[in-house]
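**Q** Residues in the sequence shown are numbered consecutively from 351, following this note's numbering.
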Amino acid sequence: MNYSINQLPDRTAKPREQGYTMVMDKGMSLREVEDFLEVGAMYTDVVKLGWATSYIVPNLKRKLEIYRAAGIPVYFGGTLFEAFIIRNQFDDYRRLLDQYQMEYAEVSDGSIDLAHDRKCEYIRDLSKTVRVLSEVGSKDAEKIIPPYKWISQMEAELAAGAIKVIGEAREGGNVGLFRSTGEVRSGLVEEILTKIPGEKIIWEAPQKAQQVWFIKLLGANVNLGNIAPNEVVSLETIRLGLRGDTFTHFLDMDAVDPMFRPAAKTSKPGTSMPRG
């Protein structure tokens with residue numbers, strides 16, 4: 351870092367197993383990737399090439415080389431996996447992973463109705479050669495999955511060989527873990543956490559308010575995904591309590607300047623106290 355500040359939360363170091371920032375590349379150019387990596391590489395753990403953008407973007411091989419040179423693994427979005435599966439092209443998908451020397455693969459069923467035992471078979475098969483991230487939840491806003499099903503599916507997919515499970519939210523953050531307004535389904539999240547270790551889950555949280563909610567609940571080293579490239583540095587400041595949204599969250603208030611301690615703040619006649 352450029353200088354020292356006391357009372358910041360400890361961040362895990364790369365390569366890390368907890369505290370992931372998963373970035374979504376929705377079709378950036380090579381120059382955009384290079385610009386992003388100049389400031390964001392040290393805070394990015396893995397990049398997803400959103401849905402099936404890898405099929406149409408030019409210079410795909412060169413893009414992967416740029417990410418690899420920065421030490422950042424890349425994987426194809428789960429929708430691409432589903433596009434191959436629904437067309438009965440699983441073997442072609444495996445050859446695609448080999449062709450582009452992918453270290454990761456995402457297995458999802460957000461756009462197709464895939465029997466869960468079959469999904470676990472794909473996870474077991476792929477996990478023999480790549481690190482599998484499996485996504486749980488539907489992209490259909492009308493399809494509400496009860497908490498017990500999220501838990502049972504996550505447990506089964508981890509047992510099948512997934513290194514982490516991803517909580518679905520889409521790139522907009524308005525399905526799956528969230529209501530259409532973007533509000534977190536907090537009861538769902540808290541129930542999932544009674545059975546699934548937090549370090550095994552990547553929570554898709556593209557909106558700032560969602561990122562803040564998860565950081566306040568689970569700390570600076572929560573795994574967050576579907577982060578826009580231009581929001582990576584911003585997210586890191588939220589993780590560290592260096593943005594207004596989490597400014598006092600990590601502070602030991604007994605150790606700050608006495609004038610800023612809660613007991614020192616009193617309301618003046620005719621004024622109201624600021625909201626916390």
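Glycine included, every Cβ here is placed at the ideal spot set by N, Cα and C.
Could you tell me if Gly575 is buried or exposed, where buried requires 16 or more neighbouring beta carbons within 10 angstroms of its beta carbon?
**A** Translated into the one-based positions of the sequence shown, residue 575 becomes position 225. Gly575 should be labelled buried.
**Q** What ranges does the alpha helix (DSSP H) occupy inside the region 544-590, keeping only unbroken runs of at least 4 residues that lie completely in it?
**A** Correct list: 558-568, 582-589.
**Q** Just to confirm my understanding: we take Phe434, look at its own chain, exclude 5 residues before and 5 after, and list those with CB closer than 8 Å. What are they?
**A** On the sequence shown, residue 434 is found 84 positions in, with the first residue counted as 1. Taken in chain order, the residues that qualify are Phe440, Asp442, Tyr443, Leu446.
**Q** Should Thr479 be labelled buried (16 or more other beta-carbon atoms within 10 Å of its own) or exposed?
**A** Counting from 1 along the sequence shown, the entry for residue 479 is found at position 129. Under this definition Thr479 is an exposed residue.
**Q** In the DSSP assignment, find the alpha helix (DSSP H) that holds Phe386 and state where it starts and stops.
**A** Position 36 of the sequence shown holds residue 386. Taken as a continuous stretch (DSSP letters only), the alpha helix (DSSP H) holding Phe386 covers 380-390.
**Q** Candidates Asp475, Gly517, Arg361, Ile436: which alpha carbon is nearest Lys499's?
**A** Within the sequence shown, numbered from 1, the residue matching residue 499 stands at position 149. Of the candidates Asp475, Gly517, Arg361, Ile436, the one whose C-alpha sits nearest the C-alpha of Lys499 is Gly517.
**Q** Find the nearest neighbour of Gly428 within the set Phe386, Ile473, Asn409, judged by alpha-carbon distance.
**A** Your numbering for residue 428 matches position 78 in the sequence shown. Checking every option, the nearest Cα to that of Gly428 belongs to Ile473.
**Q** Check Tyr425 in the structure and name its three-state DSSP category.
**A** Your numbering for residue 425 matches position 75 in the sequence shown. In this structure, Tyr425 counts as strand in the three-state DSSP scheme.
**Q** For Val397, which option in Ala559, Arg535, Glu456 has the closest C-alpha, if you only look at C-alpha atoms?
**A** For the purposes of this step, residue 397 is taken as the residue at position 47 of the sequence shown. Looking at the Cα atoms, Glu456 is the closest of the given residues.
**Q** Quick check on this structure: which residue in Glu541, Lys550, Glu549, Gly523 has the alpha carbon closest to the alpha carbon of Ala559?
**A** Position 209 of the sequence shown, counted from the first residue, corresponds to residue 559. Per the Cα distances, Gly523.
**Q** Going by DSSP in three states, Arg520 sits in which element: helix, strand or coil?
**A** Locating residue 520 in the sequence shown gives position 170, counting from the first residue. Reduced to three states, the DSSP call for Arg520 is coil.
**Q** Please classify Ser404 as buried or exposed, where buried requires at least 16 other C-beta atoms within 10 Å of its C-beta.
**A** Taking the first residue of the sequence shown as 1, we reach residue 404 at position 54. By the 10 Å Cβ count, Ser404 comes out buried.
**Q** Do the region 547-559 and the region 356-366 meet, that is, are 3 or more Cβ pairs less than 8 Å apart?
**A** In short, these stretches do not touch, since the Cβ pair count stays below three.
**Q** I need the straight-line Cα distance from Pro612 to Lys514, nearest angstrom please.
**A** Taking the sequence shown and counting its residues from 1, the one referred to as residue 612 is at position 262. Taking the sequence shown and counting its residues from 1, the one referred to as residue 514 is at position 164. Spanning the two alpha carbons is a distance of roughly 40 Å.
**Q** Looking at the C-beta of Ser461, does it have a partner C-beta in chain D at a distance below 7 Å?
**A** Reference to chain D is not applicable here, since this structure consists of a single protein chain.
**Q** Taking the alpha-carbon of Ser488 as reference, which of Glu505, Lys411, Glu432 has the nearest alpha-carbon?
**A** Translated into the one-based positions of the sequence shown, residue 488 becomes position 138. For Ser488, the nearest C-alpha among the options comes from Glu432.
**Q** So, under 8 Å CB-CB, Ile552 and Tyr370 are touching, yes? Tell me the CB distance rounded to an integer number of Å.
**A** By 1-based counting over the sequence shown, the position of residue 552 is 202. By 1-based counting over the sequence shown, the position of residue 370 is 20. With a Cβ gap of about 6 Å, Ile552 and Tyr370 count as contacting.
**Q** DSSP state of Ser502, grouped into three classes?
**A** As a working note, residue 502 is residue 152 in the sequence shown. Residue state, collapsed to three classes: helix.
**Q** Around the C-beta of Val389, are 16 or more other C-beta atoms found within 10 angstroms, so that it is buried, or is it exposed?
**A** Here residue 389 corresponds to residue number 39 of the sequence shown, with the count starting at 1. That one is exposed.
**Q** Relative to the alpha-carbon of Asp448, which residue among Lys411, Asp467, Leu590 has its alpha-carbon at the smallest distance?
**A** Here the question's residue 448 lines up with position 98 in the sequence shown. The option with the nearest alpha carbon to Asp448 is Lys411.
**Q** Let me know the secondary structure DSSP gives Glu539 once reduced to three states.
**A** Taking the first residue of the sequence shown as position 1, residue 539 is located at position 189. Here the sequence assigns Val to residue 539, which means Glu is not the residue at that position. Correct three-state label for Val539: helix.
**Q** Taking the straight line between their C-alpha atoms, what separation do you get for Thr531 and Glu521?
**A** Within the sequence shown, numbered from 1, the residue matching residue 531 stands at position 181. Within the sequence shown, numbered from 1, the residue matching residue 521 stands at position 171. Whole-angstrom Cα-Cα distance: 14 Å.
**Q** Going by the beta-carbon positions, is the gap between Val583 and Thr394 smaller than 7 Å?
**A** Translated into the one-based positions of the sequence shown, residue 583 becomes position 233. Translated into the one-based positions of the sequence shown, residue 394 becomes position 44. No. Outside cutoff.
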